[in-house]
Every structure is written in C-alpha cells, then in structure tokens.
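Every letter in the sequence shown is one number past the one before it in our numbering, and letter 126, counting from 1, is 133.
Every residue, glycine too, gets a C-beta built ideally from N, C-alpha and C.
Treat the numbers as computed from the prediction; the structure is a model and nothing was measured.
Presented below is the structure to which this report refers.
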Amino acid sequence: MDTTRRPRRLRTDGVRPLVRETEVSASDLIAPVFVDATTDERVPIETMPGHERVPVEESVARVEDVLETGVEAVMVFGIPESKDDRGSRAWASDGVVQEAVRRITDETDAYVITDVCLCEYTEHGHCGVLEETAESDPDLTVRNDETLGLLGNIAVSHARAGADMVAPSGMMDGMVGAIREALDEDGHTDVPIMSYAAKFESSFYGPFRDAADGAPAFGDRRHYQMDPANAREARREVELDVEQGADVLMIKPALPYLDVVRDVRESYDHPVAAYNVSGEYAMLHAAAEKGWLNLEAVAYESLLSIKRAGADLILTYFAEDVADRL
Ligand code: PBG
8 MDTTRRPRRL RTDGVRPLVR ETEVSASDLI APVFVDATTD ERVPIETMPG
58 HERVPVEESV ARVEDVLETG VEAVMVFGIP ESKDDRGSRA WASDGVVQEA
108 VRRITDETDA YVITDVCLCE YTEHGHCGVL EETAESDPDL TVRNDETLGL
158 LGNIAVSHAR AGADMVAPSG MMDGMVGAIR EALDEDGHTD VPIMSYAAKF
208 ESSFYGPFRD AADGAPAFGD RRHYQMDPAN AREARREVEL DVEQGADVLM
258 IKPALPYLDV VRDVRESYDH PVAAYNVSGE YAMLHAAAEK GWLNLEAVAY
308 ESLLSIKRAG ADLILTYFAE DVADRL
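The following block contains the structure:
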C-alpha cells in the first residue's frame, strides 16, 4: 500500500479554498424574468416555486429585486395579450417585451437580454410559420426560411426598445446570420447575439411551457430542436452559429448535457452559456418539498457543476437565491 500520496491533505478547511478550482459568482448568472400582458397583478408560476409572471407595470420592480441579489443580467420572456398564426405581437413596437425592455433599460442598470422566438406568440405554439400540412404531417411543421425574416423583425424591435443582447432560441437554420444582418442593417451593430446554438428537444422544458404558455398545440419540436442522443451534431450546430457570427454560444438544457458544454468549451474560444432549464429547477424544488434534498445545497452544486464543465455564464431560475447567499 502506497500512502505517500494522500489527496486528503488538501481537504482541510484551511486549504480547501486555496485549491478550489471552480467558483460561482453573481456576475456569471442571468435571471429569467416573465412579463405578462394578460394580467395586472403578479401571478405565481405553480411549476416554478418562487417565480412569477409580472405585468409590464411591475417589470422594473421585478428587475430591481434581481439586482438587489447581486445578479446584474436578466433574460426577458413575454406573454402577449393576443396570439395569431404568424406571432405578429412578437415584433410589435408596443409588444409586451418591447414595453418592458424600454422601462427596464430606462430605469435600471440591468443588462437586458431578450428571448427571440415565436412560440409564445403563435396560436399553434410552434417556433415559426407553419406549413399548411403541419397538423397532418408532424415531420414538417415550421417553414424555416420564411421564419428567418420574422426573427430578424423581432430582434430589431427588441434592439430598438433598448435590449443589450438578443438570444434566438428557435433552432431555425440560418437564424443567427439572418438576425445579425437585420440588426446591422438597422444600425445595431453593437448588439451581441447569444445563440441557443445547441438546443435539444428536451422533456425538461415542461414547467416553462406552463409558465410562458408556449406549448405546441399539436405535435412537438422534434424537427427543429435537436435529438437528445446527438453530441457530435451539437458541434456542427455550434460551428454553423459561429460562422454566422454568434457572440456567445448557449447549450440547453444544462445538467443532462454537460458533455456538450465541455465539448463546446474545448472546441471554441467563445464565451459558453448554459441554460439550467425549468425542469432542472422544478425537480430539485419538488424533492426538497418532500424533504428529500437540501435545496440550497443542491442548487449551488448544480451551478458549480455547470461551471466546472466549462460554462462561463448560466441562465438559471436559481440565480437570485444562489446569488443572495454568496
Ligand atoms: C422558447 C423557449 C423555451 C424555453 C426557453 N425558450 C421553450 C421551448 O423550447 O419549448 C425553455 C426554458 C425552460 O424550460 O426553462 N423557444
């Protein structure tokens, strides 16, 4: 038995902080904020304890609460007052996100990122313009190229409202290039794009779809979001977004896809973001409610492991709680 090598020497309370490799800090975190045009009061989101949809009038107060915890960045999601087949409220200058972003950027110092997608704005809940045959042919629901122009409109409308960064999440081919071109043509050459470069067709989005009322009315998102089985394909997806000018590369979900986070970290020098999604949040809460897990501890450990895998920034529903205790 060789006992000259004893890793336990470096595990005393005194030395642990000195040899710690990874740290989570408030400046790594982005807090999701839901702004809802259909309500005049705050509505708790049942599937995500501690989170609420807030009316536009409360958006500044909501963001101020985030800032108080030390988190400086927010991701704004909108629930529109009405939906149609093309999702036109998504790029309306008086739309829910545009109104909220105008207020938030006028009245706070938060760094404001917006989700650029159509699923919360279309009646059918898909992330783009539908094929006429969509309902009968679930393999082909969204018209990719026709959707690109709409995504460009959304990004421009967000930038005009003052968004600091836009984050397209629809997984349309060519979306980053189309958005970059649209932003540049409108003079927003300095607005970066955080692309949901590798977004998987995951069952961990369930609670969010309740929160944002964005579940597809029929079918699923399998032909635009990625197959959870594919890591090499994720690298190709990321490569395309890099070529099209993505500034930050996001992987989503986070915990079940840490291999992809690591792979993207090693393959690119861009900042890497991970989205610790609603299901990752809800399952820890549910277990903690039963007394089976210590919520504070597992929340922190989750974020730590996402950073350890290689993420620079994390979009997480735990942002405020974790930052508050750092
Ligand atoms: C919209 C969007 C979704 C999420 C973020 N943006 C839903 C989806 O793709 O179905 C999910 C976030 C979460 O689960 O926390 N495209």
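Residue i beta carbon near the ligand PBG (any heavy atom closer than 7 Å)
i	result
residue 176	yes
residue 225	no
residue 207	no
residue 123	no
residue 215	yes
residue 41	no
residue 1	Beyond the ends of the chain as shown, which are 8 and 333, falls residue 1; an answer cannot be given.
residue 212	yes
residue 285	yes
residue 194	no
residue 228	yes
residue 221	yes
Bridge partner(s) assigned by DSSP for residue i
i	result
residue 255	201
residue 149	137
residue 60	41, 50
residue 283	323
residue 235	DSSP, once it has assigned bridges, lists no residue as partnering residue 235.
residue 288	For residue 288, which the question treats as bridged, DSSP gives no partner whatsoever.
residue 118	80
residue 36	321
Residue i - DSSP class collapsed to helix/strand/coil
i	result
residue 263	helix
residue 25	helix
residue 17	helix
residue 276	coil
residue 214	helix
residue 125	coil
residue 85	strand
residue 224	coil
residue 172	strand
residue 206	strand
residue 310	helix
residue 333	coil
residue 300	coil
residue 248	helix
residue 113	helix
residue 101	coil
Exposed unless 16 or more other CB atoms sit within 10 angstroms - verdict on residue i
i	result
residue 291	buried
residue 35	buried
residue 160	buried
residue 283	buried
residue 164	buried
residue 122	buried
residue 100	exposed
residue 8	exposed
residue 156	exposed
residue 299	exposed
residue 243	exposed
residue 194	exposed
residue 330	buried
residue 297	exposed
residue 127	buried
residue 19	exposed
Chain D contact for residue i (CB, 8 Å cutoff)
i	result
residue 262	This model lacks chain D altogether; it includes just one protein chain.
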